[in-house]
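Here the sequence shown is numbered in this note's numbering, starting from 1 and rising by one per residue.
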Amino acid sequence: MRIEHQFSIAGFEVSVSFPDGWDADTLLPSFRPFYGKKEGQEKALLKCTVCTSVENKAAMPSGELIENTLSDMGYVSLYKEAEGYCVTLSAEQGGTLHVMQTDRRFSTVRVYLHEEDKRAGHALSSLLRIAYSQAVLYWDAVSIHASAVYCENKAFLFMGKSGTGKSTHSSLWMKYIQGTELLNDDNPTLRIVDGKVYAYGTPWSGKTPCYKPLSYPVGGMVRLKQAPVNRFFRQKEVEAFITLFPGCCVIHQDAELRACLYDTLIRMVEQVPVGVLECRPDGEAALLCRNMLLRTDK
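Below is the structure:
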């Protein structure tokens, strides 16, 4: 017997089924605000079946190793297989290995989870994040590495390399710009709906527990660069595309996924102000960023 749970993330339906007796709330606490199927523009995106570690041996990768990465999720290895992909994840090198098998479009997923691992929930959430970020690319949407705030009924996203100060800049907006709230601090979703670009909160927010099932039209997207003075540069067309692309989640070796991302990003930069902000970590930088985005808002 299995128990299925449904979540609505950025207007997409994500279902996760567990073996009987497993506690979804304990394993996926950040998913609680996203419970339930919403009416309207809901699209069936991803169906995940969580399996026990007893079944794990049959799931080990047999395809071509594409890449190894180390991130906040842990040690991740991606394999290209005949029918799709296989992803392995462990919290530490040589540690307990959790495995995910997917079809080519990341719409059908099986996760083989070592439930006795104290970080099993984190592993499951991370593997779902990987699958989700690829699946949305087929639906005019992008999972982007950014910190996002909202104010005046618009969302604003801040991107940059790790340590650039994305979270700091969001906190400066909240401190110096009245009515600003945090939407997501690590992995919001961008989506084109009826020709407009919206930002959505998700269950993945890095080290900041901010899990809001909210969405707002995007008022601007900015790449941050640390600098001794505050200066804003508007980016258009190709420059805007290049500014946003590094923050987008995509398997670069997959030509079909890349093509989906390119098409969506091109349409987004036509609709939304994009800029580069050279800045100090101060209130002046936040106010300059806001004012310049509002001046260039289409």
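From the three backbone atoms N, C-alpha and C, an ideal C-beta is built for every residue, glycine too. Note that this is a predicted model, so its numbers are computed, not measured.
What do you get for residue i, buried or exposed, if any count of 16 or more other CB atoms within 10 angstroms of its CB means buried?
i	result
residue 24	buried
residue 290	buried
residue 297	With a pLDDT of 46 at residue 297, under the threshold of 50, the modelled position of that residue is not reliable, and no figure is offered here.
residue 100	buried
residue 130	buried
residue 185	buried
residue 221	buried
residue 60	exposed
residue 198	buried
residue 68	exposed
residue 246	exposed
Cβ of residue i within 9 angstroms of Cβ of residue j?
i	j	result
residue 104	residue 85	yes
residue 175	residue 146	no
residue 134	residue 254	yes
residue 45	residue 107	yes
residue 240	residue 279	no
Going by Cα to Cα distance, which pick from the options is closest to residue i?
i	options	result
residue 10	140, 98, 27	140
residue 178	153, 3, 206, 119	153
residue 236	229, 244, 230	244
residue 274	288, 185, 233	233
residue 32	51, 8, 81, 295	8
residue 83	132, 282, 211, 64	64
residue 73	67, 122, 188	122
residue 118	128, 199, 90	90
residue 168	202, 198, 194, 208	208
residue 161	51, 248, 47, 75	248
residue 116	22, 242, 34	22
residue 20	54, 215, 49, 3	3
residue 256	219, 136, 283, 203	136
residue 218	171, 173, 269, 212	269
For residue i, which beta-bridge partners are listed by DSSP?
i	result
residue 150	155, 181
residue 226	279
Assuming residue i and residue j form a contact by the criterion Cβ under 8 angstroms, report the distance between their Cβ atoms to the nearest whole angstrom.
i	j	result
residue 224	residue 125	That belief does not hold up - the Cβ atoms of residue 224 and residue 125 are roughly 26 angstroms apart, past 8 angstroms.
How about residue i: is its Cβ closer than 8 angstroms to a heavy atom in the ligand MN?
i	result
residue 133	The model depicted lacks the ligand MN and carries no ligand whatsoever.
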